[in-house]
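Input: a single structure, listed below in structure tokens.
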Amino acid sequence: MDLKKLIRDVPNFPIEGIIFKDITTLLKDPKGYSETLDKLYNLSKNKGITKVIGIESRGFIFGGALAEKLGAGFVPIRKPGKLPSETVTESYELEYGIDSIEMHKDALEHGDKILLHDDLLATGGTMEAACKLVEKLGAEIVQISFLIDLTFLNGKEKLKGYEVQSLIEY
Ligand code: AMP
Numbered sequence: 001m002d003l004k005k006l007i008r009d010v011p012n013f014p015i016e017g018i019i020f021k022d023i024t025t026l027l028k029d030p031k032g033y034s035e036t037l038d039k040l041y042n043l044s045k046n047k048g049i050t051k052v053i054g055i056e057s058r059g060f061i062f063g064g065a066l067a068e069k070l071g072a073g074f075v076p077i078r079k080p081g082k083l084p085s086e087t088v089t090e091s092y093e094l095e096y097g098i099d100s101i102e103m104h105k106d107a108l109e110h111g112d113k114i115l116l117h118d119d120l121l122a123t124g125g126t127m128e129a130a131c132k133l134v135e136k137l138g139a140e141i142v143q144i145s146f147l148i149d150l151t152f153l154n155g156k157e158k159l160k161g162y163e164v165q166s167l168i169e170y
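The sequence shown begins at 1 in my numbering and counts up by one.
Next comes the structure, spelled out in structure tokens:
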């Protein structure tokens, strides 16, 4: 099955000049959803992963399902102000301005083996900040996985030193 065919390009969303990779067309296809999950699982199985961390919000869709398949726990990384208990925060630069992400302080333990997951790698800024959050809490990043890598934006450069995997490249 060619998963690329199930991803829809939406030009000029959310702003002029961006081609948004819309995965809702893949998610609503039962075979597309299950094949994507199987492929992501095959990238990450047998690595001793104890927790999967998904990045708000599209990283939750396969992140949660992957955690269950891997026999791991699931931890959300969220936008500021969404998590109810004590958090650690990391800020990162956007094209215009600055953004932040948060994780619960007690989400990870020393010795946890982490898979970080998001739907799409663009510039890598979000995932780089997520890596810093995980390392602040003393856990080990075993692998980073994406459904889609926009390779022309060289996001992998920001994630040097980590094992980075993706299913679909543009
Ligand atoms: P970045 O920090 O630049 O790697 O951006 C990654 C985040 O922005 C991911 O959570 C993506 O869901 C979202 N994103 C960035 N560019 C796109 C795009 N062209 N289509 C869909 N999502 C995108």
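Positions of the beta carbon are idealized from the N, C-alpha and C atoms, including for glycine.
What does DSSP give as the partner residue(s) for Pro11 in the beta ladder?
Ile19
Between the stretch 123-130 and the stretch 60-69, do at least 3 Cβ pairs fall closer than 8 Å?
no
List the endpoints of the continuous beta strand (DSSP E) containing Phe74.
73-77
Run the proximity test for Gly124: is its beta-carbon closer than 8 Å to any non-hydrogen atom belonging to the ligand AMP?
Yes.
As a quick exercise: from Ala139, Asn12, Glu135, Ile114, pick the residue whose alpha carbon is nearest that of Ser145.
Ile114
Would you please state the rounded distance, in angstroms, between the beta carbons of Tyr41 and Lys69? I believe it to be under 8 Å.
5 Å
What ranges does the beta strand (DSSP E) occupy inside the stretch 73-133, keeping only unbroken runs of at least 3 residues that lie completely in it?
Segments of the beta strand (DSSP E) lying fully in the stretch 73-133: 73-77, 87-93, 98-104, 113-121.
Quick test of the definition: if touching needs 3 or more C-beta pairs under 8 Å, does the stretch 83-99 touch the stretch 148-156?
No, the stretch 83-99 does not touch the stretch 148-156.
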